[in-house]
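Residue numbers for the sequence shown follow the working numbering, beginning at 7 and rising by one. Written below as structure tokens is the structure these notes are about.
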Amino acid sequence: DFTTEFTDIGFEVSKSTERNAQAQQMTLQSLAISITNTAQAQNATWPMVTVPNFHVLADQFAKSTGAETLFMVPVIVDETRELWNEYSTTPGALDWYKTGLEMEGLPVPQNESYYIPQPLEQSFVEEEDDYTHYLPLWQTYPTPRSVDSINRNLVEFYTINRLLHHLVETGEPALSKLFVPCLDQVCPPESFYGPILPSTDDNGDHGTQPHIMLMQPITQNFNDHAHEYGKDEKHHEERHVDQENNPVVAIIVGIFQFDAYLQNVLHEGANGVEAVVKNSCGDIATYLLNGPEAVLVDGLQDTHSTEYERYKQVVEFEPFPWHEGEDDESDVNCHYEIEVYPTTVIYEKYHTNKPAMLTLGVVIVFAFTCLVFFVYDRFVQMRQEKVLDTAQRS
Numbered sequence: 007d008f009t010t011e012f013t014d015i016g017f018e019v020s021k022s023t024e025r026n027a028q029a030q031q032m033t034l035q036s037l038a039i040s041i042t043n044t045a046q047a048q049n050a051t052w053p054m055v056t057v058p059n060f061h062v063l064a065d066q067f068a069k070s071t072g073a074e075t076l077f078m079v080p081v082i083v084d085e086t087r088e089l090w091n092e093y094s095t096t097p098g099a100l101d102w103y104k105t106g107l108e109m110e111g112l113p114v115p116q117n118e119s120y121y122i123p124q125p126l127e128q129s130f131v132e133e134e135d136d137y138t139h140y141l142p143l144w145q146t147y148p149t150p151r152s153v154d155s156i157n158r159n160l161v162e163f164y165t166i167n168r169l170l171h172h173l174v175e176t177g178e179p180a181l182s183k184l185f186v187p188c189l190d191q192v193c194p195p196e197s198f199y200g201p202i203l204p205s206t207d208d209n210g211d212h213g214t215q216p217h218i219m220l221m222q223p224i225t226q227n228f229n230d231h232a233h234e235y236g237k238d239e240k241h242h243e244e245r246h247v248d249q250e251n252n253p254v255v256a257i258i259v260g261i262f263q264f265d266a267y268l269q270n271v272l273h274e275g276a277n278g279v280e281a282v283v284k285n286s287c288g289d290i291a292t293y294l295l296n297g298p299e300a301v302l303v304d305g306l307q308d309t310h311s312t313e314y315e316r317y318k319q320v321v322e323f324e325p326f327p328w329h330e331g332e333d334d335e336s337d338v339n340c341h342y343e344i345e346v347y348p349t350t351v352i353y354e355k356y357h358t359n360k361p362a363m364l365t366l367g368v369v370i371v372f373a374f375t376c377l378v379f380f381v382y383d384r385f386v387q388m389r390q391e392k393v394l395d396t397a398q399r400s
């Protein structure tokens, strides 16, 4: 029965996508815990923290999760902005940047003044809080191609700003809305991705693929609610971190192509399934799933075939808790769902005339056998009649 079979496929998509997302988050969470441990071992005071060997740690994370970019941003307020500027612009503060260039085999400027970033400027970005946050771009993987990116206040960008309050107040991970990175020389004001990544030539088609940010708060001490989130925790009341004793002091951000969540969600042979990704922030993208592979179909739009609409399966993609606002636009996290549809490829796999042809073949063989038996029986009968007739005459 195709309906039952396709329902099972929808369940397979649901479990596999959430498993992929939770595996990424747990890996990112372990990195956040490692950073907390490093700061404590150094007896460092936040936000004046630089992680040794960040490039090596980030490279391992990227290889294990498929992240394109990873960066750590300290959480700064007006009271700590001047301290941060003094720390981040001190000669030697960007030794991690120089090391990153060397490890990536890139030219390393010898002029030490090159490694002095611009100070973090005062922010006038409106927030829900009664104080101002700053998120200066700090340690980054891969290494930015220009020091001008360092200390750029990421609160200016809507994709991050809408999640800031949630991250700082709850200490919980969050997924951003979908976005297509700007990799051109001239990017719109709302784009922060262009200055961070290498050029378009180095990134293939990354400039056309929908991306998503996974953000993991880093707390001053080891918190008591770092764990893998399950189905029973999706719509709970917001947690609140202890702002006095264990505040969120930084955020680690991983940037992925969204198809990372759709890879390996179906078994080999389950070809021709369309997955339409939607969220409450108004984003849409359509992917074609062929077994373990996922391919974006024709840009950011719903392009699924309406021929098999009746088989639609709706899968909630909620790997972490999300908290509803008064309307979709005020949801803290973008609420994701995936609509799963069959295509002709998989439909015809289960709706072919092969069973009927096999049945017809069996019927024909049976009929032919019956005909042979009938003819044989008739010949035997005729022979017996001839023998009997001969005997009567003699």
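C-beta atoms are modelled at their ideal positions from N, C-alpha and C, and glycine is treated no differently. The structure displayed is predicted, hence computed values, not measured ones.
The beta-bridge partner set that DSSP reports for H139 consists of V83. As the crow flies, the alpha-carbon of G297 is around 12 Å from that of S22. In chain order, L37, S40, V57 place their CB closer than 8 Å to the CB of L63, counting only its own chain and leaving out the 5 sequence neighbours on each side. Taking the Cα positions, F323 is about 19 Å away from A73. In chain order, Y267 place their CB closer than 6 Å to the CB of N26, counting only its own chain and leaving out the 5 sequence neighbours on each side.
The DSSP assignment places 254-263 as complete runs of the beta strand (DSSP E) inside the segment 249-277, in order along the chain (cut-off: 3 residues). Beta-bridge analysis with DSSP links P223 to I257.
Taking all protein chains in view, the Cβ of N59 is surrounded by fewer than 16 other Cβ atoms within 10 Å, so the residue is classified as exposed. With a threshold of 16 other beta carbon atoms within 10 Å, S119 falls short and is exposed. No Cβ-Cβ contact shorter than 8 Å links V55 with L173. Beta-bridge partners assigned by DSSP to L295: V279, A300. Separation of the CB atoms of P53 and A300 is rounded to 38 Å, and the pair is thereby denied contact status at 8 Å. Cβ atoms of I156 and L100 come within 8 Å of each other, at about 7 Å. About 7 Å separates the CB atoms of E280 and S311; that is less than 8 Å, so the two are in contact.
The residues A291, I344, in chain order, have a CB closer than 6 Å to that of V283 in the same chain once the five nearest residues on each side in sequence are set aside. By the CB criterion at 8 Å, Q124 and D84 fall outside the cutoff. Here the alpha carbon of Y314 sits roughly 28 Å from the alpha carbon of T214. In the displayed model, Q48 falls within coil according to three-state DSSP, outside both helix and strand. Between T75 and L107 the beta-carbon gap is near 16 Å, outside 8 Å, which marks them as no contact. Annotation for V320: the continuous beta strand (DSSP E) segment containing it runs 319-323.
Boundaries of the alpha helix (DSSP H) around I166: 164-176. When secondary structure is reduced to three states using DSSP, E108 falls in the helix class.
For the pair Q35 and Q222, the CB atoms are nearer than the 8 Å cut-off.
Judged by DSSP in its simplified three-state form, T309 adopts coil rather than helix or strand. Counted as a single uninterrupted DSSP element, the alpha helix (DSSP H) harbouring V62 occupies residues 60-71. Per DSSP, V346 is one residue of the beta strand (DSSP E) stretching across 342-348. CA-to-CA, the gap between P142 and P80 works out to about 7 Å.
Residue pairing by DSSP places K392 opposite no residue, since no beta bridge is assigned to it.
With 16 or more other Cβ atoms from the protein chains shown falling within 10 Å of its own Cβ, Y140 counts as buried. A residue is called buried when at least 16 other Cβ atoms come within 10 angstroms of its Cβ; D395 does not meet this threshold and is exposed. Per the C-alpha coordinates, the member of L126, R151, Q31 positioned closest to P113 is R151.
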